[in-house]
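Residue numbers (my numbering): -13 to 127.
This is the structure in structure tokens:
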């Protein structure tokens, strides 16, 4: 068990917290608050991708939902020099009739922004999301 941390909130916040946790898909209040604090801290520390300095190095995952017709464009992206794509995964989502690719990539913020904008403007790309990796000075890798 980790450390127990408590804090005070107003009654309106307290009344809605469990509802917010459930709607977010969490079953554990501590995990929800931990993840929310980490996300907030990361945004405070680095900012959103759109606000980062263009040369700031970023590592994370691009999640691309699309229809089959554009697979060749994603292949070009994986082999281009715009981002260093180090891992790639493809899945078919039969319930939503959609393909999804997850690319682990490293590059500067400007390269990520340009790549995301390019992907968003390709016909038959339904959605592009970016999840940045947390920044640590030490760790497992």
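Note that beta-carbon positions come from the ideal geometry of N, C-alpha and C, so glycine has one too.
Original post:
Roughly how far, in whole angstroms, is the beta-carbon of residue 89 from the beta-carbon of residue 54, given that I think they are within contact range, below 8 Å?
Top reply: Locating residue 89 in the chain shown gives position 103, counting from the first residue. Locating residue 54 in the chain shown gives position 68, counting from the first residue. That belief does not hold up - the Cβ atoms of residue 89 and residue 54 are roughly 17 Å apart, past 8 Å.
**OP:** Would you mind giving the Cβ-Cβ distance between residue 108 and residue 56, rounded to the nearest angstrom? I have them listed as a contact below 8 Å.
**Re:** The residue given as residue 108 occupies position 122 in the chain shown. The residue given as residue 56 occupies position 70 in the chain shown. That belief holds up - the Cβ atoms of residue 108 and residue 56 are roughly 6 Å apart, short of 8 Å.
**OP:** Use the C-beta contact count for residue 127: other C-beta atoms within 10 angstroms, 16 or more gives buried, fewer gives exposed.
**Re:** Walking along the chain shown from the start, residue 127 turns up at place 141. So residue 127 ends up on the exposed side.
**OP:** On the DSSP bridge assignment, give the partners of residue 70 in chain order.
**Re:** Sequence index remark: in the chain shown, residue 70 carries index 84 (1-based). Note: residue 70 sits in a beta bridge opposite 92.
Subject >> Element boundaries [beta strand (DSSP E), containing residue 45] >> reply: Within the chain shown, numbered from 1, the residue matching residue 45 stands at position 59. For residue 45, the uninterrupted beta strand (DSSP E) run begins and ends at 43 to 52, by DSSP.
Original post:
To which residues of the same chain is residue 32 closer than 7 Å at the C-beta, ignoring the five residues directly before and after it?
Top reply: Here residue 32 refers to the residue found at position 46 when the chain shown is read from its first residue. Around residue 32: 38, 121.
Original post:
Beta-carbon separation of residue 44 and residue 93 under 8 Å?
Top reply: Numbered from its first residue, the chain shown carries residue 44 at position 58. Numbered from its first residue, the chain shown carries residue 93 at position 107. Contact flag set, yes.
Original post:
Would you report the Cα separation of residue 111 and residue 105, rounded to the nearest angstrom?
Top reply: Mapped onto the chain shown, residue 111 falls at position 125. Mapped onto the chain shown, residue 105 falls at position 119. Taking the straight line joining both Cα atoms gives about 7 Å.
Original post:
When the Cα of residue 79 is compared with those of 52, -7, 124, which residue comes out closest?
Top reply: Your numbering for residue 79 matches position 93 in the chain shown. Cα-wise, what sits closest to residue 79 is 52.
Original post:
Between residue 96 and the rest of its own chain, which residues show a CB-CB distance below 8 Å, the 5 nearest in sequence each way excluded?
Top reply: To locate residue 96, count along the chain shown from 1; it is residue 110. Around residue 96: 40, 41.
Original post:
How far does the alpha helix (DSSP H) with residue 112 in it reach, from first residue to last?
Top reply: The count along the chain shown starts at 1 and reaches residue 112 at position 126. It is not in any alpha helix (DSSP H) - residue 112 instead sits in the beta strand (DSSP E) that spans 111 to 118.
Original post:
Within this structure, are the beta carbons of residue 69 and residue 98 separated by less than 8 Å?
Top reply: To locate residue 69, count along the chain shown from 1; it is residue 83. To locate residue 98, count along the chain shown from 1; it is residue 112. Yes.
Original post:
Looking only at C-alpha atoms, which of -8, 6, -9 sits nearest to residue -2?
Top reply: Here residue -2 refers to the residue found at position 12 of the chain shown. Checking every option, the nearest Cα to that of residue -2 belongs to 6.
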